[in-house]
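Participant:
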Amino acid sequence: MDEDVARSKRSICEAIQLAFGGLKFDVICVTGDLSYTVHTKRYCEMTKGNVTCFAFR
1 MDEDVARSKR SICEAIQLAF GGLKFDVICV TGDLSYTVHT KRYCEMTKGN
51 VTCFAFR
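So in the UniProt record's numbering, spot 7 of the sequence shown is number 7, and the numbers just go up one at a time.
Here you go:
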């Protein structure tokens, strides 16, 4: 992850596919606050600087 949301989203998608044998997750990256509702058992949320990313399946 870095301060560029598009680059962060792509790198997270690539890392997830490698880690989970090609399995695809949805990834959202934003600057600032992120408010959401999602119904899932597999997810990860991370923040670095002003960028927050949320990956879920």
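Here a beta-carbon is modelled for each residue, glycine too, at the ideal position from N, C-alpha and C.
1. Select from Gly49, Asp33 and Phe54 the residue whose C-alpha is nearest the C-alpha of Glu3.
2. So which of Thr47, Ser11 and Thr52 has the shortest CA-CA distance to Lys24?
3. In angstroms, rounded to a whole number, what distance separates the CA positions of Met1 and Thr31?
4. Using the Cα positions of Ser35 and Met46, report the straight-line distance between them to the nearest angstrom.
5. Tell me the rounded alpha-carbon separation between Arg7 and Arg42.
Facilitator: Let me lay it out:
1. It is Gly49 whose Cα lies nearest to the Cα of Glu3.
2. Of the listed residues, the one whose Cα sits closest to Lys24 is Ser11.
3. If I take the Cα positions, the gap works out to 12 angstroms.
4. Ser35 and Met46 have their alpha carbons spaced roughly 13 angstroms apart.
5. Each residue's alpha carbon lies about 22 angstroms from the other.
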